[in-house]
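Protein chains in written order, with my numbering: chain A, 1 to 255; chain B, 1001 to 1255; chain C, 2001 to 2255; chain D, 3001 to 3255; chain E, 4001 to 4255; chain F, 5001 to 5255.
6 protein chains.
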Amino acid sequence: MTRLLLVNGNTSKTVTQKLLAEAERHAGANVQISAVTARFGADLVSDRASNVIAGHAVLDAVAHHQAPYDAVLVAISLDTAVEALREVLSVPVVGMTEAACWQACLIGNRFGVVMPDRNTLPLYRERILNYGLRERLAGLRAIEATVQTHHAAPVDSEVALHAAIMDLVVNEGSEAVVLAGASMTGLQRRLQPLVPVPLLDGISSGVILLEGLIRLNLPISHVNGDAKPYTTILSGLSGPCTELLSGLPSARTSI
Amino acid sequence: MTRLLLVNGNTSKTVTQKLLAEAERHAGANVQISAVTARFGADLVSDRASNVIAGHAVLDAVAHHQAPYDAVLVAISLDTAVEALREVLSVPVVGMTEAACWQACLIGNRFGVVMPDRNTLPLYRERILNYGLRERLAGLRAIEATVQTHHAAPVDSEVALHAAIMDLVVNEGSEAVVLAGASMTGLQRRLQPLVPVPLLDGISSGVILLEGLIRLNLPISHVNGDAKPYTTILSGLSGPCTELLSGLPSARTSI
Amino acid sequence: MTRLLLVNGNTSKTVTQKLLAEAERHAGANVQISAVTARFGADLVSDRASNVIAGHAVLDAVAHHQAPYDAVLVAISLDTAVEALREVLSVPVVGMTEAACWQACLIGNRFGVVMPDRNTLPLYRERILNYGLRERLAGLRAIEATVQTHHAAPVDSEVALHAAIMDLVVNEGSEAVVLAGASMTGLQRRLQPLVPVPLLDGISSGVILLEGLIRLNLPISHVNGDAKPYTTILSGLSGPCTELLSGLPSARTSI
Amino acid sequence: MTRLLLVNGNTSKTVTQKLLAEAERHAGANVQISAVTARFGADLVSDRASNVIAGHAVLDAVAHHQAPYDAVLVAISLDTAVEALREVLSVPVVGMTEAACWQACLIGNRFGVVMPDRNTLPLYRERILNYGLRERLAGLRAIEATVQTHHAAPVDSEVALHAAIMDLVVNEGSEAVVLAGASMTGLQRRLQPLVPVPLLDGISSGVILLEGLIRLNLPISHVNGDAKPYTTILSGLSGPCTELLSGLPSARTSI
Amino acid sequence: MTRLLLVNGNTSKTVTQKLLAEAERHAGANVQISAVTARFGADLVSDRASNVIAGHAVLDAVAHHQAPYDAVLVAISLDTAVEALREVLSVPVVGMTEAACWQACLIGNRFGVVMPDRNTLPLYRERILNYGLRERLAGLRAIEATVQTHHAAPVDSEVALHAAIMDLVVNEGSEAVVLAGASMTGLQRRLQPLVPVPLLDGISSGVILLEGLIRLNLPISHVNGDAKPYTTILSGLSGPCTELLSGLPSARTSI
Amino acid sequence: MTRLLLVNGNTSKTVTQKLLAEAERHAGANVQISAVTARFGADLVSDRASNVIAGHAVLDAVAHHQAPYDAVLVAISLDTAVEALREVLSVPVVGMTEAACWQACLIGNRFGVVMPDRNTLPLYRERILNYGLRERLAGLRAIEATVQTHHAAPVDSEVALHAAIMDLVVNEGSEAVVLAGASMTGLQRRLQPLVPVPLLDGISSGVILLEGLIRLNLPISHVNGDAKPYTTILSGLSGPCTELLSGLPSARTSI
């Protein structure tokens, strides 16, 4: 049996349940998914400061999860703390948005990204460019929809989403479109029949890429961290978090 | 049951068998793999001109394969004609080298690539940069090994390969290394215990990514090709090749 | 006397005649131009798959041309197989679109490109960016005109072309505009008086650059190909094509 | 009087004292500097995970500082949480490494960076490239020196540092060199007489740039954050941290 | 006392007075500013040819200034001859537009630039991209305003300026906006209350950055120029200009 | 008859004669070349400050040339003032180094550049990158040779040059090498038989590209300069220089 750990970097447990349900819909037959939720921070991260807090919260939530797992899906759409988790864990780690972007690159040349909340557009832009995907990113669009507004007026947000996707296709040459943001989860199934390009979602992409990485069964990199000139002293963190960052054998062999 | 089609763009059937064996080693339980070999061109493509011929040969080989399939693995390490196949088929298509590079990007920040044959280094360099991966590519190294030299002196080529990998790790900061080229197939298993970073191979990466794309079950893009201002007239091609390029329903629904 | 070989990678002999006539209009006094046409593939290449076929057809057409020549103009506007021809021939080879782009860079800082057929825009975009010209490319525009539509309604396509050029000048800051595509050939003369920037055409640019390269009389590069660790075995190709790719002295000294 | 707040994202108070002393050495006549230290995390951050924790710790430390201030110097050499602080504060915020890099760009065309600890090199590389400084970065070098090793064998680490600087000057064309890392603080004064290019230090650069930004007296950007479609709910954070992230008037007008 | 030399590369002494007044408004208490004006060339440089002339005029004007100074502000908004002055002087040199751009990068992620005169937009675009700031430049806009038109119809040009700034903020995501061009000087104070992002001006930014560089008191780079294989012979230049370029001690120790 | 004007931006008339002789060696049968020399500045420009002066001197020298001409070759290897000349003249203008680089791009994928004088390497690097040729530039190397040292010890400088070229070929993958700098002129003929890649020289490349541009007979761009919001007032320049910059009909129709 394969065990995935889904980490929601937002503190909203409602969102965690929604993300978990979507993940289970896409998981393979023999895959069991556990979900943990950030114990502190914003219910829905949408600015730089709460994203910084979410970094700590993602590490903390993983550290507090006792049961073993074979891979981690970082289920916060800014892929918060993904690189840090890779450094301290010995299992594959993938962020939901990088997962969707990478799948998009295997489908067509250039992809677009739609997100809710205009304020987050620069954050997504920076994250995706920092992945080195400038040449593959056709464009970004924001709509003004959240879990709340979507529940209040679902048709309105779907109309806006459809318009944004078509704008990315017609005017930017997007050959695939990533729907980014937890509040988008599942909407790709509703919109897909209405648009001419594949829609990608971080949760389904992430679950599938992680199952693949588990099968590849690669060793973790030993390049860094084995011969540090200096041993870090940690303080003020929770016990599990301290263990995780200390690179204790228990932490690095969490399988 | 899932059916993969492996297309060897080299004309060497020995290589096809080796690639097929490697692919089967990594395929999921319910996956059946067929392999087709280029009907014309070079036995092992290692220059620009024979790579151009291989483009035609890859399309031709796929066109002549009658049985249905769910995805195509382009098993020639310059990923020849991958984009063209995506355009004419309605199933996922992945090249072996892009598969390994994309997996590498999910493991660490920057990766290196080792290939046999110094003459092919610029071809790999161009291909990988044209994927937009400049920011993720730490470096490239060539060793002078082929199927022939490797069989004649296997220890020598493994020593050279080990040195090239370590050079990419120590001097270029590679956090993962892709072994590119059909003659490398399987060597990643021999070298992995000797090096401190994950080694990636296009066949295993490609099989696993394709199984994932099949599960995602995305529609093909309808952006282009549906409203051409001009209907192309094809001539001088084999019947199956003409059908494939004509976008006949049979071709586009080969599932 | 200088002998140019013009290779049309499309199978349309009507187009070949048109391209040849344009080339002769620009050739120097002492230049004789021969033209060969692709023996197989699409009459007018406008998608990735037929462009892949055209690569083989360009090599094949050059291989079947018996008479000696001093340079080759690849007269298919995606510059198909240009790099492969450079590898196997010992004479200068230039693609029509790269020729026009390079001339544009000697005239002003940034240039635009207009092409017929919206579906081909991504193909031109990729080709030009792969030349490394991102910093010089101001923008791309497509009109919906082909040889057919232009003959049916010449005024309409010229109006569309004029609008596209002005858009590139006014909104993108293009200081020169390349008209790309065989069906555009000659239109630059009609449109030039109506627009405020120089218009460039691949055939005139290519003929003139090739005459210059012949005069420079540079040796071919011996960097690659002279000490291959492995001798490629070719099969299934026409005799002339096999000879061309085999690097037989006859092929490499076709002057 | 101008009041600077220096935030050490490492938990070592010894380092804070050293950084504060260096800052006071460079501060203007009428400048008073307060220093706060991370309340949790690593004593000296040198990996991705503890840097993620430091993000939270930087916000937390600033939030707990009650006295008013006119600008913030983020005195952890990966410039941790700088962008997040800019978002929630209404005063200028500068990171010590960006400060040194920006000063370097006003002195010459390309600069190099030397840091202690080979493991941190990729972290600096990513940070500086993410600033968009690829064209200005001549190269990076790591020496193996820390506060500990430097105290144990100061001459050894200065010899290594001198060699690294000269390597960046001679082989990479660096016209200025940034010494990055808290353990480097003050070494620029020792090494400067021995090398032919200006040496830059984040603390002196940061203090001076911040004094300048205070004098410019620019308003903060109101582009984002004023019309959010959704009000974030924070939980599990300390009271001051919650206030800081809530954008309460008290937080945003801490001057 | 600190002595700044402001060099106007335009020949208009009216503009020099305006720039000097603005500089004095921002200078520190103990700073004395002298201003010199180009002795030949265009009154307001707005094309490439007069900008080339201005390069000579800037060097000439500095050379003819006898009194000592501690830093030079190049007060022509294309930052003409800044790198050349750095080469021959032993004091800090900053251009007004680079100063504003660098300050913008310390305030937000991406900035926009507004300039008068559509014809100069490509010149600013090239200059800023050549600084390596592609990733930070959100966009450029030109309005049609000059000192003349602004005096004739000040409200009109401010309306146009406001519209251009808002376009950069709303449509390009600019988090700060640089007003470039001598005729813009001072307008940032009028417009700032009307727009939601900080406005930057080259004179205030330049004065403040130079005061900071003087305080850093860095040595000049000795990398180049000390061991030339060849001693240049100068002719046809004014005496002071010849001395300046000859690297005479007087020139290189003008403090 | 075709008339070229060669402008030497260095004041050395010996160099002008050498450049003219090389140009005449490559000129077509019906081409007459006139040469003008900078009237002021450095005899051999090798630093930024004298290059700035050379910009004025190039414009001045062209302005003082009374006889008509059909194209201008800027024969100073930093291509000084090329863009400014394009702006004020109505005939083609090409710089010698851009000419060689552009020819190199039509021969192979990546090229290297060798120059005399290590101090000038950053100047060439900046110029070539500012042309947008980053993707095509394999590397740069400097040797320590000048006209003087070459005359004193010709064998030594050729040995150094050969070593630099081979370094660019073997270690950087250069498929062609540009010899930059007036003192290199003619050496490409001596070295070509000894190296495996084509050597390019700015004078031969420039003459040939200009003859081609003359044949293309393109109009000049009218995008800029026709509707300036402000008429520049020039002062302090020589009469011919003032006329040239004033865009007087005489200047713009110098053919």
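Think of the CB as a built atom: it goes at the ideal place given N, C-alpha and C, for glycine as much as any other residue.
Predicted model only: the values in this text are computed from it and were never measured.
Roughly how many angstroms lie between the CA atoms of H64 (chain A) and G108 (chain A), to the nearest whole one? 39 angstroms
Host alpha helix (DSSP H) of S3050 (chain D) (start-end): 3048-3064
Mind listing the chain F neighbours of N3109 (chain D)? Cutoff is C-beta to C-beta under 8 angstroms, in chain order. P5122, E5126
Within a Cβ cutoff of 7 angstroms, which residues of the same chain sit near G181 (chain A), ignoring the five residues on either side of it in sequence? S77, M115, P116
According to DSSP, N5171 (chain F) sits in a beta bridge with which residue or residues? Here N5171 (chain F) is not bridged, per DSSP, to any residue.
Under 9 angstroms Cβ-Cβ, which residues of chain D neighbour G1173 (chain B)? L3121, P3122, R3125
According to the neighbour-count rule (16 or more other Cβ atoms, all chains shown, within 10 Å of its Cβ), is T5014 (chain F) buried or exposed? exposed
Residues in its own chain within less than 7 angstroms of A3061 (chain D) by CB, not counting five upstream and five downstream? V3007, V3036, T3037, A3038, R3039
Between the beta-carbon of R2125 (chain C) and the beta-carbon of L2140 (chain C), is there less than 8 angstroms? It is a contact, given that the beta carbons lie within the stated cut-off.
Straight-line CA distance for V2074 (chain C) to S5157 (chain F)? 40 angstroms
Is the stretch 23-31 of chain A close to the stretch 202-212 of chain A, with three or more CB pairs under 8 angstroms? yes
Hey, is I4208 (chain E)'s beta-carbon within less than 8 angstroms of any beta-carbon in chain D? yes
Excluding the five sequence neighbours on either side, which residues of its own chain have a C-beta within less than 6 angstroms of the C-beta of A3099 (chain D), listed in chain order? Scanning its chain for C-beta atoms nearer than 6 angstroms, with the 5 sequence neighbours on each side dropped, one finds around A3099 (chain D) the residues G3202, S3205, G3206, L3209, in chain order.
For the beta strand (DSSP E) that P2240 (chain C) lies in, which residues bound it at each end? P2240 (chain C): not part of any beta strand (DSSP E); member of the alpha helix (DSSP H) spanning 2239-2246, first to last residue.
So, is the C-beta of G3028 (chain D) closer than 8 angstroms to a C-beta in chain A? no
How about R1110 (chain B) and L1137 (chain B): do their beta carbons lie closer than 8 angstroms? Result yes, Cβ atoms of R1110 (chain B) and L1137 (chain B) sit closer than 8 angstroms.
Contact between the stretch 1152-1167 of chain B and the stretch 157-168 of chain A is defined here as three or more beta-carbon pairs at a separation below 8 angstroms; is this criterion met? no
Taking the alpha helix (DSSP H) that V3015 (chain D) falls in, what are its first and last residues? 3013-3026
In the DSSP output, what is R3003 (chain D) paired with across the bridge? D:Q3032
Quick one: Cα of A1067 (chain B) to Cα of G1132 (chain B), how far? 34 angstroms
Determine whether the Cβ of G3041 (chain D) lies closer than 8 angstroms to any Cβ atom of chain A. With 8 angstroms as the cut-off, G3041 (chain D) counts as an interface residue toward chain A.
Determine the closest residue to L5244 (chain F) out of F:T5097, F:V5093, F:G5112, F:L5089, with distance taken between C-alpha atoms. F:L5089
Straight-line Cα distance separating T4120 (chain E) from V1169 (chain B): 47 angstroms
Find the residues of chain C that neighbour R1048 (chain B), judging by a C-beta separation of less than 7 angstroms, and give them in chain order. Result: E2083, A2084, E2087.
Enumerate in chain order the residues of its own chain whose CB-to-CB distance from S174 (chain A) is below 7 angstroms, with the five nearest sequence positions on each side excluded. Counting only Cβ-Cβ distances below 7 angstroms, and skipping sequence neighbours, we find R110, F111, G112, A138, G139, L168, V197.
Inter-residue spacing [alpha-carbon to alpha-carbon] between G4018 (chain E) and P4092 (chain E): A quick correction: the sequence has Lys, not Gly, at residue 4018 (chain E). Their backbone Cα atoms lie some 23 angstroms apart in a straight line.
Using a Cβ-Cβ cut-off of 7 angstroms (strictly less than) and excluding sequence neighbours within five positions of A104 (chain A), which residues of its own chain qualify? Beyond the five residues adjoining it in sequence on each side, A104 (chain A) comes within less than 7 angstroms, by CB distance, of F111, A176, V178, L200 in the same chain, given in chain order.
Between which two residues does the alpha helix (DSSP H) holding P122 (chain A) run? 121-130 is the extent of the alpha helix (DSSP H) around P122 (chain A).
Between Q5032 (chain F) and L5218 (chain F), what straight-line distance do the alpha-carbon atoms span, to the nearest angstrom? 21 angstroms
Inter-residue spacing [alpha-carbon to alpha-carbon] between V2155 (chain C) and E4083 (chain E): 52 angstroms
Can you tell me which residues form a DSSP beta bridge with F1111 (chain B)? According to DSSP, which records beta bridges pairwise, F1111 (chain B) is partnered with B:L1137, B:A1176.
8 angstroms is my cut-off, CB to CB: does V1036 (chain B) come that close to chain C? Answer no: the Cβ-Cβ gap between V1036 (chain B) and chain C never drops below 8 angstroms.
Measuring straight from C-alpha to C-alpha, what distance separates T4185 (chain E) and S4046 (chain E)? 16 angstroms
Alpha-carbon spacing of V4094 (chain E) relative to W3102 (chain D), whole angstroms: 12 angstroms
Helix, strand or coil at T97 (chain A) [DSSP, three-state]: helix
Can you look up D3156 (chain D) in the DSSP assignment and give me helix, strand or coil? helix
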